[in-house]
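Numbering (the numbering used here), first residue to last: 2 to 338.
We put the beta carbon where it would ideally sit given N, CA and C, even for glycine.
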């Protein structure tokens, strides 16, 4: 992009956010999660709220955002991962280059071992909104289910398949058929009570399977858990950047994982009426809780594209930005191929 074109774009961005008219049309899709602006005063307020994020995204574009991502620290600080290092010889870590921070790790009070590669992760509304954990190994299934029961987890979101491109990503830690429970050391039994396809209220290519599970551990009350498996999130890639992940998170209100956590952070910021800033500040904060969250620049760009799509669908963005939103989308699609 030439300097003249960039200067014109920047002027258009400034004008779009500074000039708000009652006559300006608002287009809202059937499901947008966010309430559409009802009047000029609300439009001004909402645009002030989203301006830092939108201007940063559209000014830098996917290429600039990808360059920002590559410059961000993504290394293990082993001095803050003592238990991760100690457990490495015991086969408790799926990857030796993806650490587990000590300060907010999940410590098991029952079970064969107090360690599991899992961290509590906060959002604006909840200091323990998520538990981010590795895909269970044959040697860690007992610890996984002890964690689920200990923290009374209601929803499990699985963002991978058991095997992807010939590589094991996750052990078969839960049953998918009724009448065929799985058992694990420590008198743990996990039963399937039903399995169905998740239905979205709009057209999407994304496929989600819901499994209703009951977890029984001797001496403790059974726990009912809803398990959502995203069937087609490509390894090292991204799915279609529609509103499906936001709708999923909305239904749940009660390292691919990092993408979902960033999206939830953005949703809660918008919901609270707070300013949505550049995404790198949220990713930096996330990595202080879950090491190496968001693996690739494609996933980082995916978060931006989904949020822009959400704001566009809700009618929060000026219509005059449509050419720049379309330009961003086309560059994004080229980069994620």
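What span of residues does the beta strand (DSSP E) with residue 230 cover, start to end? 224-231
How many whole angstroms separate the CB atoms of residue 202 and residue 192, which I take to be in contact at a CB cut-off of 8 angstroms? Going by Cβ atoms, the distance from residue 202 to residue 192 rounds to 30 angstroms, so no, they are not a contact pair.
For the alpha helix (DSSP H) that residue 258 lies in, which residues bound it at each end? 258-272
Which residues DSSP lists as bridging residue 198, in chain order: 210
Identify which residue in 312, 153, 39 and 59 has its Cα closest to the Cα of residue 218. 153
In angstroms, rounded to a whole number, what distance separates the CA positions of residue 149 and residue 155? 8 angstroms
Relative to the C-alpha of residue 213, which candidate in 179, 186 and 187 has its C-alpha closest? 179
Considering only residues of the same chain and omitting the five flanking positions on each side of residue 273, which have a CB-CB separation below 7 angstroms? 125
Could you tell me if residue 275 is buried or exposed, where buried requires 16 or more neighbouring beta carbons within 10 angstroms of its beta carbon? exposed
Could you spell out where the beta strand (DSSP E) holding residue 183 opens and where it closes? 183-185
Please say whether residue 120 and residue 130 have beta carbons closer to each other than 7 angstroms? no
For residue 86, which residues from the same chain have a beta carbon less than 7 angstroms from its beta carbon, with the 5 sequence-adjacent residues on both sides left out? 79
Straight-line CA distance for residue 44 to residue 76? 41 angstroms
Beta-carbon within less than 8 angstroms of residue 47's beta-carbon, same chain only, minus the 5 sequence neighbours each way: which residues are those? 38 and 317
Could you tell me which residues DSSP puts in a beta bridge with residue 193? 214
At least 3 beta-carbon pairs within less than 8 angstroms: the stretch 322-338 vs the stretch 297-310: yes
Per-residue DSSP class, three states only, for residue 253: Confidence at residue 253 is low in this model, with a pLDDT of 48, below 50, so its placement is unreliable and the value that follows should be read with caution. Here residue 253 sits in coil by DSSP.
Distance between residue 207 and residue 232 (C-alpha atoms, nearest Å): 8 angstroms
Look at the alpha carbon of residue 312 and the alpha carbon of residue 35, and state the distance between them as a whole number of angstroms. 8 angstroms
Within its chain, find whatever has a CB closer than 6 angstroms to the CB of residue 266; leave out the 5 residues flanking it on each side and keep chain order. 124 and 283
Output needed for residue 229: all residues of its chain with C-beta closer than 6 angstroms, excluding positions within five of it in sequence on either side, in chain order. 158, 209 and 211
Inter-residue spacing [alpha-carbon to alpha-carbon] between residue 255 and residue 12: Any reading at residue 255 needs caution, since the residue's pLDDT is 38, under 50, leaving its predicted position unreliable; the model's value is listed next. For residue 255 and residue 12, the distance between alpha carbons rounds to 42 angstroms.
How many angstroms separate the CA atom of residue 19 from the CA atom of residue 197? 48 angstroms
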